[in-house]
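Please read the structure below before turning to the comments.
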Amino acid sequence: MTGKTIVELKNINVIIDDLQILKNISFELETGKFYTMLGPSGSGKTTILKVIAGFSQPTSGEVFFNGKKINQLPPNKRKINTIFQDYALFPNLNLFENVAFGLRLQHKHNSEISDRVSQILDLVQLNGLEKRSVEELSGGQRQRVAIARSLVLNPKMLLLDEPLSALDAKLRKKMQYELRNLQQRLGITFLFITHDQEEALAMSDFIFVINNGEILQSGTPVDIYDEPINHFVADFIGQSNIIDGTMVRDFVVKFVGKTFECSDAGMRHNEPVEVVLRPEDLDITEVKKGKLTVKVKSQIFRGDYYEIIAYDEDHNKWLIQSTNPVKDGAIVGINFDPEDIHVMRFGEKEQEFDARLETYED
Amino acid sequence: MAKFKHFLVAAPYYLWIGLFVILPIGLIFIYSFHDLNGHFTLNNYLNFFKNQTYLLMAFNSLCFAIIITFISLIVAYPIAWIISKFQNSRDFLILLVIMPMWINLLLKTYAFIGIFSRNGTLNNLLASLGLGRHQFLFTDIAFILVAVYDQLPFMILPIYNSVITINHSLINASFDLGASKTQTFWRIIVPLTLPGIKSGVQAIFIPSLSLFMITRLIGGNRVITLGTAIEEHFLSTMNWGMGSTIGVILIIAMILIMLLTKESK
Ligand SMILES: Nc1ncnc2c1ncn2[C@@H]1O[C@H](COP(=O)(O)OP(=O)(O)O)[C@@H](O)[C@H]1O
Ligand SMILES: [Mg+2]
Chain X
6 MTGKTIVELK NINVIIDDLQ ILKNISFELE TGKFYTMLGP SGSGKTTILK VIAGFSQPTS
66 GEVFFNGKKI NQLPPNKRKI NTIFQDYALF PNLNLFENVA FGLRLQHKHN SEISDRVSQI
126 LDLVQLNGLE KRSVEELSGG QRQRVAIARS LVLNPKMLLL DEPLSALDAK LRKKMQYELR
186 NLQQRLGITF LFITHDQEEA LAMSDFIFVI NNGEILQSGT PVDIYDEPIN HFVADFIGQS
246 NIIDGTMVRD FVVKFVGKTF ECSDAGMRHN EPVEVVLRPE DLDITEVKKG KLTVKVKSQI
306 FRGDYYEIIA YDEDHNKWLI QSTNPVKDGA IVGINFDPED IHVMRFGEKE QEFDARLETY
366 ED
Chain F
21 MAKFKHFLVA APYYLWIGLF VILPIGLIFI YSFHDLNGHF TLNNYLNFFK NQTYLLMAFN
81 SLCFAIIITF ISLIVAYPIA WIISKFQNSR DFLILLVIMP MWINLLLKTY AFIGIFSRNG
141 TLNNLLASLG LGRHQFLFTD IAFILVAVYD QLPFMILPIY NSVITINHSL INASFDLGAS
201 KTQTFWRIIV PLTLPGIKSG VQAIFIPSLS LFMITRLIGG NRVITLGTAI EEHFLSTMNW
261 GMGSTIGVIL IIAMILIMLL TKESK
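Top to bottom, those sequences are chains X and F. Throughout, my numbering is defined as the position within the first sequence, counted from one, plus 5. Throughout, my numbering is defined as the position within the second sequence, counted from one, plus 20.
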């Protein structure tokens, strides 16, 4: 099943009132995978969904579904269903009729409708609530109705617009597992939208990071976390220390006045760069054993670790995760391995980035 | 003590309701059981249901009210819908709808006499196009047209108010699940605007049952509806008892309609 392209966007631009909302978006989605579109609010995520679902016409560019161009196809003719940000359940219909809506439109027999609806309600664990008004349902239940209403039509692809953002933290975690599970069991393609990077990392096969209507980086969660392309992505995904530095030569980078061995290459000699070090990759040690010396400013207990804020002699702020507490005001050393250093060039585009990585990674 | 204070504050309103709502209805009720000589009688009611003319009038009133309400509805719905689409100027457009309501009904009715009469605007226009002059005034069609024109805002406003509260993602969701525009209209939009439709129907149907001024001035000097019959009994034949009886029957009909179109909650 997987491996076949189901949806493809080619050079999609959306311009509304002279405002460029999407900039040259191109990507391919394969069947059976869980994709996530990750970006801050207002970055254009919903607009991409609308282009795929057919609610929005791109100013230029092409949309393909199973290899056929569908720019002109109205939303009700596309075999794609959307879970709307506010769920959009019909308040004039009860739970059962909401789920049956699409089947009624197809003039299916009553017996077939009740069979398929009850089957899908079993799947999302809503059976027994058929007669409820949708206004009496909790947030989690509404969301499941929205999903059931789409799934009952056997769509090839589901678009989910921040479906979890209205739920409380606990339910949210639970629904993350349930959605991921559902997607894997049914084997249909999900394009999931979120502004929550943790959610994206936890759920996806593949992530698109979007900002200001542009896809900045795409890849597996591990790729994006370990090798963010620029300051924005490094900062947006996970916690990070981003320090100005200089690429002395291949595999040698200089920051805070010292040179370090690293695992990046392919840049100009002495090119100004930014260096990313993740807080969990830093270890606290004695000053003389450390690669850098910092002064501890404050710390917070986070349950399974202490989050320490410290400053080096150049006044760079360092975020460090440590299993043991340290004294406020203490001078300590920090240690890290060459692989923990990730070097980013200014203004590098995804294609150049990927090409450069090809040249020295195996 | 608090109760007494409450009563003092509310007293003017009770007085108002008593004097101008309860008392008149009570009087009408009492009158309806009296004959021309002031003796108690049930004949007014018996007459109403035995006499073909009254039943025909009731039937006429009902038919006109249904036609007027129905035409208002199918004219008002698209207007309300289109106005709601103008995100930036819809408040102004609604003001345009409301404005004619500020003009006295009699004035508007006279304006229509000017338009419809033998030498009026409409006939002048037709004549200049070589289509000849026609009788418009004192026809049922002219009566219905003016009644619809006059009451249209009462249909547009409640429908407009329910249209603008529809969440647009519901319409998108309907398309998303495979509905065509027509299906979305009947299955989602109409049910969601039903409260507005009901208020509009109430606001037009009930007054339409007892129209008399438009009936007289535009529909011609004929006694054709219950409204004109009441006017005739009170002002010409001075049979207040019979006029009141028709009034009571109309009030009962109105209460029934209110109950029928009430929000089922
Ligand atoms: N119909 C529209 N008219 C004008 N601007 C719009 C319209 N739709 C979206 N935008 C703008 O486009 C940008 C992206 O919107 P959206 O795709 O909804 O972002 P997201 O879903 O990532 O929060 C926002 O700045 C928003 O204000
Ligand atoms: Mg959005």
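Where is the CB? At the ideal position from N, CA and C, for every residue including glycine.
query: Comparing the CB of Lys55 of chain X with every heavy atom of ligand 2, is any distance shorter than 7 Å?
result: Residue 55 of chain X sits at position 50 when you count from the first residue of the first sequence. Not a single heavy atom of ligand 2 lies less than 7 Å from the C-beta of Lys55 of chain X.
message: Please list, in chain order, the residues of the segment 80–101 of chain X that have any C-beta partner in chain F closer than 9 Å.
response: Cβ contacts with chain F: Pro80, Asn81, Lys82, Arg83, Ile85, Asn86, Thr87, Phe89, Gln90, Asp91, Tyr92, Ala93, Leu94, Phe95, Pro96, Asn97 and Leu98.
message: Against chain F, with Cβ distances strictly below 8 Å, would Ala207 of chain X count as a contact?
response: Reading the first sequence from its first residue, position 202 is the one you call residue 207 of chain X. No, its Cβ sits nowhere closer than 8 Å to a Cβ of chain F.
message: Can you look up Leu362 of chain X in the DSSP assignment and give me helix, strand or coil?
response: Numbered from 1 along the first sequence, position 357 holds the residue referred to as residue 362 of chain X. Shown here, Leu362 of chain X sits in a helix according to DSSP, grouped into three states.
- prompt: Taking the Cβ atom as the reference point for each residue, do Glu35 of chain X and Ile57 of chain X lie within a distance shorter than 8 Å?
  reply: The residue given as residue 35 of chain X occupies position 30 in the first sequence. The residue given as residue 57 of chain X occupies position 52 in the first sequence. No, they are not a contact pair.
task: Establish whether the CB of Gln107 of chain F and some CB of chain X are separated by less than 8 Å.
output: Numbered from 1 along the second sequence, position 87 holds the residue referred to as residue 107 of chain F. Answer no: the Cβ-Cβ gap between Gln107 of chain F and chain X never drops below 8 Å.
query: Using a Cβ-Cβ cut-off of 6 Å (strictly less than) and excluding sequence neighbours within five positions of Arg121 of chain X, which residues of its own chain qualify?
result: Counting from 1 along the first sequence, the entry for residue 121 of chain X is found at position 116. Excluding residues within five positions, the ones whose Cβ falls inside 6 Å are Val157.
- prompt: CB of Gln148 of chain X to nearest heavy atom of ligand 2: below 7 Å?
  reply: The residue labelled residue 148 of chain X in the question sits at position 143 within the first sequence. No.
- prompt: Using a beta-carbon distance below 8 Å, is Arg137 of chain X in contact with chain F?
  reply: Translated into positions along the first sequence, residue 137 of chain X becomes position 132. Closer than 8 Å: no.
query: If we cut at 8 Å on Cβ distances, does Pro211 of chain F have a partner in chain X?
result: Sequence index remark: in the second sequence, residue 211 of chain F carries index 191 (1-based). It does: the Cβ of Pro211 of chain F has a partner Cβ on chain X nearer than 8 Å.
query: Closer than 8 Å, CB to CB, is Ala315 of chain X near chain F or not?
result: For the purposes of this step, residue 315 of chain X is identified with residue 310 of the first sequence, where counting begins at 1. No, because no Cβ of chain F sits closer than 8 Å to the Cβ of Ala315 of chain X.
query: Under 8 Å between C-beta atoms, does Gly334 of chain X make it to chain C?
result: The chain inventory of the structure shown lacks chain C, comprising the protein chains X and F.
- prompt: Is any beta-carbon of chain X found at less than 8 Å from that of Phe195 of chain F?
  reply: To locate residue 195 of chain F, count along the second sequence from 1; it is residue 175. Proximity of Phe195 of chain F to chain X, defined by a Cβ-Cβ separation below 8 Å, is satisfied.
Among X:Leu221, X:Leu54, X:Leu131 and X:Pro233, nearest to Asp269 of chain X - alpha-carbon criterion: Reading the first sequence from its first residue, position 264 is the one you call residue 269 of chain X. When only C-alpha atoms are compared, the closest one is X:Pro233.
- request: State yes or no: is the C-beta of Thr64 of chain X nearer than 7 Å to some heavy atom of ligand 1?
  value: Here residue 64 of chain X refers to the residue found at position 59 of the first sequence. Thr64 of chain X: no, Cβ never under 7 Å from ligand 1.
field: Chain-ordered chain F contacts of Arg154 of chain X [CB-CB under 7 Å]
entry: Looking up residue 154 of chain X in the first sequence gives position 149. The answer, in chain order, is Leu197.
Ala171 of chain X at chain F interface by Cβ criterion, 8 Å: For this step, residue 171 of chain X is matched to residue 166 along the first sequence. No, because no Cβ of chain F sits closer than 8 Å to the Cβ of Ala171 of chain X.
- prompt: Listed from N- to C-terminal order along the chain, which residues in the segment 146–169 of chain F have their beta-carbon within a distance smaller than 7 Å of any beta-carbon of chain X?
  reply: Taking 7 Å as the Cβ-Cβ cut-off against chain X, none of the residues of the segment 146–169 of chain F qualify.
task: Answer yes or no: the CB of Gln90 of chain X versus the heavy atoms of ligand 2, is any distance below 7 Å?
output: What you label residue 90 of chain X is simply residue 85 of the first sequence in a count that begins at 1. At least one heavy atom of ligand 2 is nearer than 7 Å to the Cβ of Gln90 of chain X, so yes.
- prompt: Should Leu35 of chain F be labelled buried (16 or more other beta-carbon atoms within 10 Å of its own) or exposed?
  reply: The count along the second sequence starts at 1 and reaches residue 35 of chain F at position 15. Of the residues assessed, Leu35 of chain F falls on the exposed side of the cut-off, its CB having fewer than 16 other CB atoms within 10 angstroms.
Meets three-Cβ-pair contact criterion under 8 Å: the segment 58–70 of chain X and the segment 101–113 of chain X: Flag = no, the segment 58–70 of chain X and the segment 101–113 of chain X do not touch.
Neighbourhood of Lys38 of chain X by C-beta, 8 Å cutoff - its chain only, sequence neighbours within 5 removed: Looking up residue 38 of chain X in the first sequence gives position 33. Apart from the 5 residues on each side of it in sequence, Lys38 of chain X sits with its Cβ closer than 8 Å to the Cβ of Thr7, Thr194, Phe195, Asp210 and Phe211 in its chain, given in chain order.
C-alpha distance - Ile314 of chain X paired with Ile215 of chain X, whole-angstrom precision: The residue labelled residue 314 of chain X in the question sits at position 309 within the first sequence. The residue labelled residue 215 of chain X in the question sits at position 210 within the first sequence. The alpha-carbon separation between Ile314 of chain X and Ile215 of chain X amounts to approximately 29 Å.
message: Can you pull the chain F neighbours of Gln111 of chain X, defined as C-beta to C-beta under 8 Å?
response: Locating residue 111 of chain X in the first sequence gives position 106, counting from the first residue. The answer, in chain order, is Gly198.
- prompt: Should Thr51 of chain X be counted as a contact of ligand 2 given a C-beta to heavy atom distance under 7 Å?
  reply: Against the first sequence, residue 51 of chain X aligns to sequence position 46. A distance criterion of 7 Å places the beta-carbon of Thr51 of chain X in contact range of ligand 2, judged by its closest non-hydrogen atom.
- request: Could you tell me how far apart the beta carbons of Met77 of chain F and Leu246 of chain F are, in whole angstroms, since I believe they sit closer than 8 Å?
  value: Counting from one through the second sequence, the residue named residue 77 of chain F turns up at place 57. Counting from one through the second sequence, the residue named residue 246 of chain F turns up at place 226. Their Cβ separation, rounded to whole angstroms, is 5 Å, which keeps Met77 of chain F and Leu246 of chain F in contact under 8 Å.
- prompt: Using the C-alpha atoms, what's the distance from Leu164 of chain X back to Glu203 of chain X?
  reply: Against the first sequence, residue 203 of chain X aligns to sequence position 198. Against the first sequence, residue 164 of chain X aligns to sequence position 159. When rounded, the distance between both Cα atoms is 19 Å.
- request: Measuring alpha carbon to alpha carbon, tell me which of F:Asn139, F:Tyr169 and F:Val221 ends up nearest Ile179 of chain F.
  value: Locating residue 179 of chain F in the second sequence gives position 159, where the first residue counts as 1. The option with the nearest alpha carbon to Ile179 of chain F is F:Val221.
Residue-level contact to chain X via CB, Ile217 of chain F, 8 Å cutoff: Here residue 217 of chain F refers to the residue found at position 197 of the second sequence. By the rule that beta-carbons nearer than 8 Å mark a contact, Ile217 of chain F does not touch chain X.
- prompt: Which two residues bound the contiguous alpha helix (DSSP H) that contains Val139 of chain X?
  reply: Translated into positions along the first sequence, residue 139 of chain X becomes position 134. Per DSSP, Val139 of chain X belongs to no alpha helix (DSSP H) and is neither H nor E.
query: What residues in the segment 168–194 of chain F bring their beta carbon closer than 8 Å to a beta carbon of chain X?
result: Contact residues of the segment 168–194 of chain F toward chain X are Asn187, Ser189, Leu190, Asn192, Ala193 and Ser194 (C-beta to C-beta distance below 8 Å).
- prompt: I think Leu126 of chain F touches Ile135 of chain F, with their Cβ atoms under 8 Å apart; what is that distance to the nearest whole Å?
  reply: As a first step, residue 126 of chain F is located in the second sequence; it is residue number 106 there, counting from the start. As a first step, residue 135 of chain F is located in the second sequence; it is residue number 115 there, counting from the start. Contact between Leu126 of chain F and Ile135 of chain F is ruled out by a C-beta separation of about 15 Å, above the 8 Å threshold.
- prompt: If we cut at 8 Å on Cβ distances, does Leu158 of chain X have a partner in chain F?
  reply: If you number the first sequence from 1, residue 158 of chain X lands on position 153. Output row for Leu158 of chain X: interface = yes.
- prompt: At a cut-off of 7 Å, is Glu167 of chain X close to ligand 3 when judged by its beta-carbon and the heavy atoms of the ligand?
  reply: Here the bound small molecules are ligand 1 and ligand 2; ligand 3 is not part of this structure.
message: So with CB distances below 7 Å, who are the chain F contacts of Gly107 of chain X?
response: Position 102 of the first sequence, counted from the first residue, corresponds to residue 107 of chain X. Within chain F, the residues near Gly107 of chain X are Leu197 and Gly198.
query: Does the beta carbon of Phe351 of chain X come closer than 8 Å to any beta carbon on chain F?
result: Position 346 of the first sequence holds residue 351 of chain X. So, not an interface residue.
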